[in-house]
Amino acid sequence: MANTYTQLYIHIVFSVKGRESLISKAWKNDLYAYIGGIILNHRSKPLAINGMPDHIHILVGYSPSTPLPTLVEEIKTSSNKWIKEHFNVVNFNWQKGYGAFSYSRSSLDKLIRYIANQEKHHRKKTFREEYLQMLRDFEVEYKNEYLFDFQEIFAWS
């Protein structure tokens with residue numbers, strides 16, 4: 000009997016609407032755990048989740064049983080509702096769009112360290128610089144008017 004086997008690693012990046020610094024240090028780990036649960040419910044594996052007050056990085060061992068846009072939409076929609084209900088951040092919304100980049104198994108350790116060290120990384124590089132570098136590294140064509148609404152001020156709430 001034939002079966003389907005895959006080994007797909009996807010790095011997903013998206014930001015808070017208007018790039019507002021609304022992800023609080025007090026509850027960010029709870030948010031990451033919640034997002035991890037959503038990923039597991041879609042038969043994928045959360046390998047690393049971290050971010051800053053205005054954006055998030057998610058590394059997924061991806062199962063193609065759920066189309067990637069459906070998975071990202073579920074993460075964004077469910078976590079948006081959960082944040083509003085559990086932390087009373089009534090103006091919280093994720094920005095439209097996302098970045099998704101594929102990685103080889105041999106790159107995972109380095110990428111997991113990169114995601115884990117977001118605070119340190121962003122002392123030297125803004126999210127805009129980081130995101131544009133990802134687009135260039137992966138040779139993704141883009142138009143400036145369709146990028147996230149970038150502003151570079153963040154502070155942990």
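Under numbering that gives the first Met the number 0, the first residue of the sequence shown is numbered 0, with each subsequent residue one higher.
Don't be surprised by glycine CBs; every beta carbon is placed ideally from N, CA and C.
Just so it is clear, the structure is predicted and the values come from calculations on it, not from any experiment.
DSSP places H120 in the uninterrupted alpha helix (DSSP H) bounded by 117-120.
I22 and V15 do touch by the CB rule: their CB atoms are close to 7 Å apart, below 8 Å. Secondary structure of I22 (DSSP, three-state): coil.
With respect to the 8 Å criterion, Y61 and S43 are classified as neighbours on the basis of their beta carbons. Taking the CA atoms as reference points, A1 sits about 42 Å from I82. Our two residues, D108 and K123, have alpha carbons roughly 21 Å apart in a direct line. The beta carbon of Q6 sits closer than 7 Å to the beta carbons of R104 from its chain, once the five residues preceding and following it are set aside; these are given in chain order.
Taken through DSSP and simplified to helix, strand or coil, V12 comes out as strand. Per the Cβ contact rule, the stretch 110-118 is not in contact with the stretch 73-88 (fewer than 3 Cβ pairs under 8 Å).
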